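Student:
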Amino acid sequence: MRVALRPRSGCLVICLGLSACTLLLQSLWVPLEMSMDDNAGGSRAEDAGQPSLGFRRLTLRLEALSAQVQQLSREREDKMTSEYLNSLLQSFRQDQQSLAHLVERELKRVTQKLDQFNHYHYLPHTPSTHDNHGKITGLKESCTVPVDVAYPVCAEKVEFLQAKWKSDPCYAFYGVDGTVCSILTYLSQIENFCPPQPGRNYSTPPWHQRDQPYMKKAEIRTTTSSLYEVINNSSGPAVKFMRSRVKMMSECWLKAALIMRQQKNKTHSSIIRVLLYPGAFAGDAGQHFEATVEKGGPLGELVQWTDLSACLTILGHNVILTTSQHQLHRLISAAPGQGSCPIKAPLTFDLIYTDYHGLAHLQGAMGLAFHHYKCRFRILDSFGTEPAFNLASYAHTHGFKTLWGSWGLQPLQYMTMFPHTPDNSFLGFVSEDAVRPKDINTKENIAVIYGKQEYMWQGLLNYIKVISEVMETHATVYQPPGHASTLPNFVRNHGLLSQPHFLRLLRKAKIFVGLGFPYEGPAPMEAIALGCVFLQPRFNPPHSSEKNDFYKGKPTTRKISSQHPYAEQFIGRPHVWTVDATNETEVRQAVREILRSQVKPLTPQEFSCEGMLQRVHHYITHQSFCTPSITTWLPERALRVHLGPLGQSCVSVCARASLVCEPSQFQGLNDPDVFARFGIGCSNMAQGVNHIFPAYTPWGRHCRLQEEPLLFSCAGSDPSYRRLCPCRTYQPGQLALIPDYISDL
0 MRVALRPRSG CLVICLGLSA CTLLLQSLWV PLEMSMDDNA GGSRAEDAGQ
50 PSLGFRRLTL RLEALSAQVQ QLSREREDKM TSEYLNSLLQ SFRQDQQSLA
100 HLVERELKRV TQKLDQFNHY HYLPHTPSTH DNHGKITGLK ESCTVPVDVA
150 YPVCAEKVEF LQAKWKSDPC YAFYGVDGTV CSILTYLSQI ENFCPPQPGR
200 NYSTPPWHQR DQPYMKKAEI RTTTSSLYEV INNSSGPAVK FMRSRVKMMS
250 ECWLKAALIM RQQKNKTHSS IIRVLLYPGA FAGDAGQHFE ATVEKGGPLG
300 ELVQWTDLSA CLTILGHNVI LTTSQHQLHR LISAAPGQGS CPIKAPLTFD
350 LIYTDYHGLA HLQGAMGLAF HHYKCRFRIL DSFGTEPAFN LASYAHTHGF
400 KTLWGSWGLQ PLQYMTMFPH TPDNSFLGFV SEDAVRPKDI NTKENIAVIY
450 GKQEYMWQGL LNYIKVISEV METHATVYQP PGHASTLPNF VRNHGLLSQP
500 HFLRLLRKAK IFVGLGFPYE GPAPMEAIAL GCVFLQPRFN PPHSSEKNDF
550 YKGKPTTRKI SSQHPYAEQF IGRPHVWTVD ATNETEVRQA VREILRSQVK
600 PLTPQEFSCE GMLQRVHHYI THQSFCTPSI TTWLPERALR VHLGPLGQSC
650 VSVCARASLV CEPSQFQGLN DPDVFARFGI GCSNMAQGVN HIFPAYTPWG
700 RHCRLQEEPL LFSCAGSDPS YRRLCPCRTY QPGQLALIPD YISDL
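Anchor point for the sequence shown: position 714 equals 713 in numbering that gives the first Met the number 0, and the numbering is continuous, going up by one each time.
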């Protein structure tokens with residue numbers, strides 16, 4: 000349909016076109032006008048700092064245009080033409096509003112950029128200061144990288160941060176903005192790689208500051224109520240297990256606390272602040288572990304962490320336990336980001352107990368401060384870390400490099416489940432010893448098989464069948480829903496039991512049967528403490544990292560002759576029988592002799608609540624790795640020096656004399672005079688870096704002293720050398736301590 004336009008309507012269309020062109024020219028002209036005004040000298044004060052002036056002009060122009068359009072629309076006489084023009088005007092108004100919003104947004108964006116430019120360009124020169132959060136105010140004046148022989152890597156660090164300061168948000172948190180001045184301030188006040196800036200307030204890096212030690216004496220607590228504050232109310236399976244164990248062992252801890260309180264001369268130590276961080280229960284590893292807790296996974300680590308937290312709390316120390324990486328960062332005051340920067344404040348904990356997973360988390364969170372505070376770490380390491388694996392450079396060049404180890408700690412900072420090697424500290428755990436007298440006479444003809452998952456039973460059917468010929472055989476194997484059992488039909492499987500129900504079954508059983516795996520767990524010790532006889536397979540040849548997949552990659556050269564070497568060597572018959580599981584005659588004879596015997600429950604002193612309290616207190620009192628000098632706690636009367644035969648480690652040399660190797664005393668033997676006292680005529684005396692030194696070789700009569708203290712090792716051996724070994728006496732049932740009569744002399 001064609002619409003005839005009257006002359007007045009034609010004028011309206013022309014006006015609309017002219018108005019649109021005017022609007023377009025105005026929108027293009029305003030930014031230029033504003034830019035000229037901003038840069039023109041002598042501009043009015045009221046115009047300065049008002050970059051939105053052009054936008055207000057545009058708004059006024061649009062309002063005038065709207066008024067003109069409204070006046071023209073009122074003059075329309077033709078109804079159809081008026082409706083058509085009204086529709087056209089409405090569309091024009093919408094376009095007008097959209098254009099106005101678009102121009103407004105663009106002007107605001109330009110204004111913000113101009114404000115930022117003006118702020119950085121005209122920022123006054125002020126010295127760097129620390130705000131309340133430890134941030135550094137960047138310097139805007141010109142700075143030159145200083146040359147100082149005391150800070151040889153300053154220029155290198157500045158160049159690195161110029162290129163990488165955006166790689167981790169922690170740099171910006173401390174005030175680094177890419178300028179040389181801000182980088183120099185950071186490197187002098189936070190990382191200590193550059194000299195202090197002249198005229199600036201200089202503060203010592205936080206990890207160099209000394210925190211004030213607690214002077215208040217620790218008092219023995221005779222209640223376990225505070226333990227429930229240490230182990231939080233999380234509903235996860237791991238924490239649930241820990242809380243259940245604390246409740247179950249509360250009577251044992253109470254009795255031990257009362258005994259320790261009476262020994263006042265042995266309990267006067269200052270309160271220390273302790274962080275417990277089991278890294279294996281945190282992050283992705285923690286999720287995997289949590290998933291196995293209720294499916295037959297290993298619980299030995301949980302037992303040890305629970306008993307350690309109980310010990311420290313009973314001894315009167317301030318303890319915090321966390322399994323959260325986020326909370327760990329908060330507790331140690333880690334800067335936000337990826338861990339490239341050191342912590343923000345001095346570490347408030349005197350000791351941090353963690354594991355290999357947690358050690359990696361701490362290094363990532365603490366940055367450079369990690370190396371300063373690593374003397375405060377204690378690593379729960381079930382199977383131990385020998386010195387040859389601990390020093391990274393040595394491990395790499397001598398074939399001892401593994402996924403674990405290479406942290407360069409003092410070997411005694413690693414704390415083991417059993418006394419595997421004296422190079423590490425034996426932390427241990429507590430065996431269940433709450434056996435009532437009547438329980439001894441309620442033993443039934445029951446054998447409980449030690450193996451919670453079906454794969455542990457493979458290849459051992461005949462071994463188990465021989466036992467089942469004369470005994471009722473029970474199992475506690477986890478069965479997934481809908482999974483058909485592959486266990487022999489003569490075995491009664493209870494499924495995975497809770498700790499109290501499992502101990503109840505052991506109280507009725509006569510024999511606890513080992514299958515060869517898991518190695519060195521706490522369950523056999525608990526069974527022996529409840530009056531069971533532990534029957535286990537002998538390994539011939541011994542299992543080690545060279546011949547066994549489980550030990551492969553672990554930082555130890557130990558060769559174990561049975562599933563549980565401690566039970567075999569330190570307990571033995573009648574409580575522990577070690578047999579060839581493939582020899583049916585030997586197995587059958589052992590079972591018959593066990594059935595004829597009457598065995599009483601046994602808990603070695605070092606696995607009792609009192610024994611663990613004594614041991615942990617001893618470590619806290621005597622172990623210090625934060626000073627250059629070596630702390631000597633051992634009385635001279637307890638030390639025995641032995642020159643071993645060719646090819647034997649000091650562990651073996653001392654054990655043959657019914658003693659235990661004491662690695663803290665190697666430094667005293669690392670002296671030519673000691674060789675002379677043994678009547679050894681050395682053709683030459685030299686220092687070397689080797690985990691078997693100090694040692695002597697008869698071929699050429701060479702004597703060798705240790706050059707690297709971190710390599711003093713009880714475990715090392717070499718067929719060409721005789722080791723010089725520091726051996727000591729020990730308290731019966733408590734390898735970590737010397738006899739009381741010697742300590743009192």
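For glycine and all other residues, C-beta sits at the position ideal for the given N, C-alpha and C.
It should be emphasised that the depicted structure is a prediction, and the values quoted were computed from it without experimental measurement.
Check this for me: beta carbons of CYS142 and CYS180, under 8 angstroms apart or not?
Tutor: As a first step, residue 142 must be located in the sequence shown, where it is residue number 143. As a first step, residue 180 must be located in the sequence shown, where it is residue number 181. Result yes, Cβ atoms of CYS142 and CYS180 sit closer than 8 angstroms.
Student: Here's the rule: buried if 16 or more other CB atoms are within 10 angstroms of the residue's CB, otherwise exposed. What is ARG721?
Tutor: Locating residue 721 in the sequence shown gives position 722, where the first residue counts as 1. Its Cβ being crowded by 16 or more others within 10 Å, ARG721 is buried.
Student: Hey, out of VAL532, SER623, LEU301 and LEU723, whose CA is closest to SER712's CA?
Tutor: Here residue 712 refers to the residue found at position 713 of the sequence shown. The shortest Cα separation from SER712 among VAL532, SER623, LEU301 and LEU723 belongs to LEU723.
Student: In the structure shown, what three-state DSSP assignment does GLN730 receive?
Tutor: Locating residue 730 in the sequence shown gives position 731, counting from the first residue. In this structure, GLN730 counts as strand in the three-state DSSP scheme.
Student: Does DSSP put GLU218 in a helix, a strand or coil?
Tutor: Start at 1 with the first residue of the sequence shown, and residue 218 comes out as number 219. Note: GLU218 maps to coil in three-state DSSP.
Student: Unbroken beta strand (DSSP E) runs of length 3 or more, entirely within the region 677-721: which are they?
Tutor: Complete beta strand (DSSP E) runs here, min 3: 683-687, 694-696 and 701-705.
Student: Going straight from the alpha carbon of ALA333 to that of LEU402, what length do you get?
Tutor: Counted from its first residue, the sequence shown places residue 333 at position 334. Counted from its first residue, the sequence shown places residue 402 at position 403. The alpha-carbon atoms of ALA333 and LEU402 are separated by roughly 26 angstroms.
Student: Run the CB neighbour count on ASP306, radius 10 Å, all protein chains shown included, and call it buried at 16 or more, exposed below.
Tutor: If you number the sequence shown from 1, residue 306 lands on position 307. So ASP306 ends up on the buried side.
Student: CA-CA distance, ARG548 and LEU379?
Tutor: On the sequence shown, position 549 is the one that residue 548 refers to. On the sequence shown, position 380 is the one that residue 379 refers to. The residue asked about is misnamed: residue 548 is Asp in this sequence, not Arg. Looking at the two C-alpha atoms, the distance is approximately 22 angstroms.
Student: Can you check which of these residues, PRO236, GLY235 and MET241, is closest to VAL229 by C-alpha distance?
Tutor: For the purposes of this step, residue 229 is taken as the residue at position 230 of the sequence shown. It is MET241.
Student: Which residue from GLY336, GLN262, LEU320 and VAL238 puts its Cα closest to that of PHE288?
Tutor: Indexing the sequence shown from 1 puts residue 288 at position 289. Of the candidates GLY336, GLN262, LEU320 and VAL238, the one whose C-alpha sits nearest the C-alpha of PHE288 is VAL238.
Student: Where does the unbroken alpha helix (DSSP H) through ALA735 begin, and where does it stop?
Tutor: In the sequence shown, the residue the question calls residue 735 occupies position 736. Neither: ALA735 is in no alpha helix (DSSP H) and is coded neither H nor E.
Student: Helix, strand or coil for LEU52, going by three-state DSSP, please let me know.
Tutor: As a first step, residue 52 must be located in the sequence shown, where it is residue number 53. Summary for LEU52: the model assigns pLDDT 42, below 50, so the residue's position carries little reliability, and this model does not support an answer.
Student: Buried or exposed: where does LEU327 fall if 16 or more other Cβ atoms within 10 Å of its Cβ makes it buried?
Tutor: Along the sequence shown, read from residue 1 onward, the residue named residue 327 stands at position 328. Result: buried.
Student: Suppose you measure from the CA of ASP144 to the CA of GLU190; what does that come to, to the nearest Å?
Tutor: Looking up residue 144 in the sequence shown gives position 145. Looking up residue 190 in the sequence shown gives position 191. First, the amino acid is wrong: residue 144 is Val here, not Asp. Their Cα atoms are separated by approximately 15 angstroms.
Student: Name the two residues that bound the continuous alpha helix (DSSP H) containing PHE348.
Tutor: Within the sequence shown, the letter at position 349 stands for residue 348. Note, PHE348: premise wrong, no alpha helix (DSSP H); not H, not E.
Student: Going by the DSSP bridge assignment, what does GLU471 pair with across the sheet?
Tutor: Taking the first residue of the sequence shown as 1, we reach residue 471 at position 472. Per DSSP, ILE445.
Student: How would you call TYR276, buried or exposed, if buried means at least 16 neighbouring beta carbons within 10 angstroms?
Tutor: Here residue 276 is taken as the residue at index 277 of the sequence shown, counted from 1. With 16 or more other Cβ atoms within 10 Å, it is buried.
Student: Whose CA, out of LEU460, ILE463, VAL469 and TYR454, lies closest to the CA of VAL476?
Tutor: For this step, residue 476 is matched to residue 477 along the sequence shown. Closest by alpha carbon: TYR454.
Student: ASP579 to CYS169, Cα distance in whole Å?
Tutor: Here residue 579 refers to the residue found at position 580 of the sequence shown. Here residue 169 refers to the residue found at position 170 of the sequence shown. Going from the Cα of ASP579 to the Cα of CYS169 covers about 59 angstroms.
Student: To the nearest angstrom, report how far apart SER268 and HIS316 are at their CA atoms.
Tutor: The sequence position of residue 268 within the sequence shown is 269, counting from 1. The sequence position of residue 316 within the sequence shown is 317, counting from 1. Those two C-alpha atoms are separated by around 10 angstroms.
Student: From this set, ASN669, PRO540 and VAL650, which residue's C-alpha is nearest ASN423's C-alpha?
Tutor: Here residue 423 refers to the residue found at position 424 when the sequence shown is read from its first residue. Per the Cα distances, VAL650.
Student: Can you tell me whether PRO627 is buried or exposed? The criterion is at least 16 other CB atoms within 10 Å of its CB, across all chains shown.
Tutor: Indexing the sequence shown from 1 puts residue 627 at position 628. Answer is exposed; the Cβ neighbour count stays below 16.
Student: Enumerate in chain order the residues of its own chain whose CB-to-CB distance from LEU411 is below 6 angstroms, with the five nearest sequence positions on each side excluded.
Tutor: Here residue 411 corresponds to residue number 412 of the sequence shown, with the count starting at 1. Within the same chain, LEU411 has close Cβ partners SER424.
Student: Find out if the Cβ-Cβ distance for the pair VAL777, VAL586 is shorter than 8 angstroms.
Tutor: The first residue shown for the chain is 0 and the last is 744, placing residue 777 beyond what the model contains.
Student: Might you give, ordered along the chain, the residues of its own chain that have their beta carbon closer than 7 angstroms to the beta carbon of ILE258, omitting 5 neighbours on each side?
Tutor: Reading the sequence shown from its first residue, position 259 is the one you call residue 258. For ILE258, where only same-chain residues beyond five positions count, the Cβ hits under 7 angstroms are GLU609.
Student: Rounded to whole angstroms, what is the Cα-Cα separation between GLU707 and PRO693?
Tutor: As a working mapping, residue 707 is identified with position 708 in the sequence shown. As a working mapping, residue 693 is identified with position 694 in the sequence shown. Between GLU707 and PRO693, the C-alpha separation is close to 11 angstroms.
Student: Provide the residue(s) that pair with TRP576 in DSSP beta bridges, ordered along the chain.
Tutor: For the purposes of this step, residue 576 is taken as residue 577 along the sequence shown, with counting starting at 1. DSSP lists LEU534 as partners of TRP576.
Student: Pop quiz: THR384 and THR556 are said to be a contact at Cβ under 8 angstroms. What is the actual Cβ separation, rounded to whole angstroms?
Tutor: Translated into the one-based positions of the sequence shown, residue 384 becomes position 385. Translated into the one-based positions of the sequence shown, residue 556 becomes position 557. With a Cβ gap of about 11 angstroms, THR384 and THR556 do not count as contacting.
Student: I'd like to check one pair, ILE679 with GLY715: are the Cβ atoms closer than 8 angstroms?
Tutor: For the purposes of this step, residue 715 is taken as residue 716 along the sequence shown, with counting starting at 1. For the purposes of this step, residue 679 is taken as residue 680 along the sequence shown, with counting starting at 1. The answer is no: Cβ separation not under 8 angstroms.
Student: Looking at the unbroken alpha helix (DSSP H) that takes in ILE230, where does it start and where does it end?
Tutor: The residue you call residue 230 lines up with position 231 of the sequence shown. Where ILE230 is concerned, there is no enclosing alpha helix (DSSP H), given that its DSSP letter is neither H nor E.
Student: Where does the unbroken beta strand (DSSP E) through MET414 begin, and where does it stop?
Tutor: For the purposes of this step, residue 414 is taken as residue 415 along the sequence shown, with counting starting at 1. 413-415 is the extent of the beta strand (DSSP E) around MET414.
Student: Rounded to a whole number of angstroms, what is the C-alpha to C-alpha distance between LYS156 and ALA162?
Tutor: Locating residue 156 in the sequence shown gives position 157, counting from the first residue. Locating residue 162 in the sequence shown gives position 163, counting from the first residue. Going by the C-alpha atoms only, they are around 10 angstroms apart.
Student: Measure the beta-carbon distance from ILE448 to LEU514 and round it to whole angstroms, keeping in mind my assumption that it falls under 8 angstroms.
Tutor: Counted from its first residue, the sequence shown places residue 448 at position 449. Counted from its first residue, the sequence shown places residue 514 at position 515. At roughly 7 angstroms, the Cβ-Cβ gap stays under 8 angstroms, so ILE448 and LEU514 are in contact.
Student: With a threshold of 7 angstroms on Cβ separation, who are the neighbours of GLU583 within its own chain once the five nearest residues in sequence on each side are excluded?
Tutor: Locating residue 583 in the sequence shown gives position 584, where the first residue counts as 1. Result list for GLU583: ASN461 and VAL465, in chain order.
Student: Run through DSSP, which three-state label would TYR355 get?
Tutor: Along the sequence shown, one-based indexing puts residue 355 at 356. TYR355: helix per DSSP, three-state reduction.
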